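Chemist: Protein chains in written order, with numbering that gives the first Met the number 0: chain G, 0 to 131; chain E, 0 to 99. One structure coming up, written as structure tokens, with questions to follow.
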Amino acid sequence: MIVFDGTQSDDVLHKEQAQIEEFLKQNAVFEKTDVWGKRGLGYPIKKKRLGYYCLFLYEGEGDVIGSLERQMKLNERVLRYLTVVRNLKNDAARAAFFARREKAIEEAAAAGKAAAAHAPAAEAAPAAEQTK
Amino acid sequence: MEMRERRFPRRRERDRDDDNDGGRMSMGRKRMKKVCWFELNHIEPDYKDIKIISRYISERGKIVPRRLSGVTAKNQRRLAKAIKRARHLGLVSFVSENIK
Chain G
0 MIVFDGTQSD DVLHKEQAQI EEFLKQNAVF EKTDVWGKRG LGYPIKKKRL
50 GYYCLFLYEG EGDVIGSLER QMKLNERVLR YLTVVRNLKN DAARAAFFAR
100 REKAIEEAAA AGKAAAAHAP AAEAAPAAEQ TK
Chain E
0 MEMRERRFPR RRERDRDDDN DGGRMSMGRK RMKKVCWFEL NHIEPDYKDI
50 KIISRYISER GKIVPRRLSG VTAKNQRRLA KAIKRARHLG LVSFVSENIK
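Quick look at the structure:
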């Protein structure tokens with residue numbers, strides 16, 4: 000994951016992102032980029048309060064990481080970077096968990112809507128009685 | 000600052016034995032055992048799940064001990080690593096904003 004300086008313009012950030020993607024395509028098996036976009040930082044880094052978060056998924060040898068991190072160190076637009084080994088099993092479990100939770104939320108919302116559709120009719124009757 | 004209800008009660012609040020029955024409930028049953036949320040949902044703590052790991056960070060920004068949260072030892076180790084990674088990336092803060 001790379002955190003770019005969020006105060007930069009979108010064009011500049013997209014260019015930086017594309018540059019990394021290009022490097023990974025040439026030197027490793029590039030899968031995809033998960034763009035989180037701009038979000039507030041938990042604490043100021045280099046006096047910046049906004050970060051542009053990108054998660055690059057790729058498969059490569061150790062030397063690719065070395066040269067990539069050297070680039071990151073020299074690039075002033077990069078606030079933070081982190082390279083971790085993927086836990087594919089957990090990634091799949093997490094994806095399934097979030098899909099399950101989203102589905103449950105949707106079902107709850109649909110049930111709430113259905114209850115609300117019945118409720119005004121039920122509430123309207125006592126109100127009418129009171130006015131009498 | 001208005002006092003908020005603690006997610007994980009302090010030990011002395013949790014273990015307060017008002018009825019002096021040796022930590023047993025008045026019905027004679029033992030206190031319910033805490034369950035690890037990660038075990039329950041079959042996932043491991045990950046630095047990308049900020050909402051989930053934020054539950055295990057105190058108001059001061061500290062990692063909540065497992066005696067309060069009920070997380071298993073293995074998952075507590077993973078959780079600590081995930082929180083530290085998230086802190087490094089600026090996803091969560093080291094210290095809470097109102098304490099700085």
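C-beta atoms are modelled at their ideal positions from N, C-alpha and C, and glycine is treated no differently. Since the model is a prediction, treat every value here as computed from it, not as a measurement.
Determine the burial state of Met0 (chain G): buried for a count of at least 16 other Cβ atoms within 10 Å of its Cβ, exposed for fewer.
Modeler: Classification for Met0 (chain G): buried.
Chemist: For the beta strand (DSSP E) that contains Lys46 (chain G), what are its first and last residues?
Modeler: Careful: Lys46 (chain G) lies outside any beta strand (DSSP E) and carries neither H nor E.
Chemist: Can you look up Ile56 (chain E) in the DSSP assignment and give me helix, strand or coil?
Modeler: strand
Chemist: Spell out whether any CB of chain G is found under 8 Å from the CB atom of Leu67 (chain E).
Modeler: no
Chemist: List, in order along the chain, the chain E residues whose C-beta lies closer than 7 Å to that of Ile44 (chain G)?
Modeler: Below the 7 Å Cβ cutoff, chain E contributes Gly89 as neighbours of Ile44 (chain G), in chain order.
Chemist: Alpha carbon to alpha carbon, what distance is there between Gln25 (chain G) and Cys35 (chain E)?
Modeler: 43 Å
Chemist: Compile a chain-ordered list of the residues in the segment 24-50 of chain G whose CB is closer than 7 Å to at least one CB of chain E.
Modeler: Leu40, Gly41, Tyr42, Ile44 and Gly50
Chemist: Taking 8 Å as the CB-CB limit, is Leu87 (chain G) close to chain E?
Modeler: no
Chemist: Under 8 Å: do the segment 52-62 of chain G and the segment 31-43 of chain G share three or more Cβ pairs, one atom per stretch?
Modeler: yes
Chemist: Within a Cβ cutoff of 7 Å, which residues of the same chain sit near Ile64 (chain G), ignoring the five residues on either side of it in sequence?
Modeler: Thr82
Chemist: To the nearest angstrom, how far is it from the Cα of Thr6 (chain G) to the Cα of Glu58 (chain E)?
Modeler: 28 Å
Chemist: Using only the alpha-carbon positions, how far apart do Glu43 (chain E) and Asn89 (chain G) sit?
Modeler: 6 Å
Chemist: According to a CB-to-CB cut-off of less than 7 Å, which residues of the segment 89-103 of chain G neighbour chain E?
Modeler: Those residues of the segment 89-103 of chain G that come within reach of chain E (Cβ to Cβ, closer than 7 Å) are Asn89, Ala92, Arg93 and Phe96.
Chemist: Under the assumption that Tyr46 (chain E) contacts Ala72 (chain E) (Cβ atoms under 8 Å), give the Cβ distance between them as a whole number of angstroms.
Modeler: That pair is no contact at about 19 Å.
Chemist: What's the call for Arg69 (chain G), buried or exposed, on a 16-neighbour Cβ count within 10 Å?
Modeler: exposed
Chemist: In chain E, which residues lie with their C-beta within 9 Å of the C-beta of Met71 (chain G)?
Modeler: Those within 9 Å of Met71 (chain G) in chain E number zero; the least Cβ separation is about 13 Å.
Chemist: Residue range of the beta strand (DSSP E) that Phe37 (chain E) falls in?
Modeler: Unbroken run through Phe37 (chain E) is the alpha helix (DSSP H), Trp36 to Asn40; no beta strand (DSSP E).
Chemist: Can you tell me which of the three DSSP states Lys50 (chain E) falls into?
Modeler: helix
Chemist: Output the boundary residues of the beta strand (DSSP E) element that contains Val77 (chain G).
Modeler: Val77 to Tyr80
Chemist: Kindly list the residues whose CB is nearer than 8 Å to the CB of Val94 (chain E), restricted to its own chain and excluding five residues on each side of it in sequence; keep chain order.
Modeler: Arg59 and Gly60
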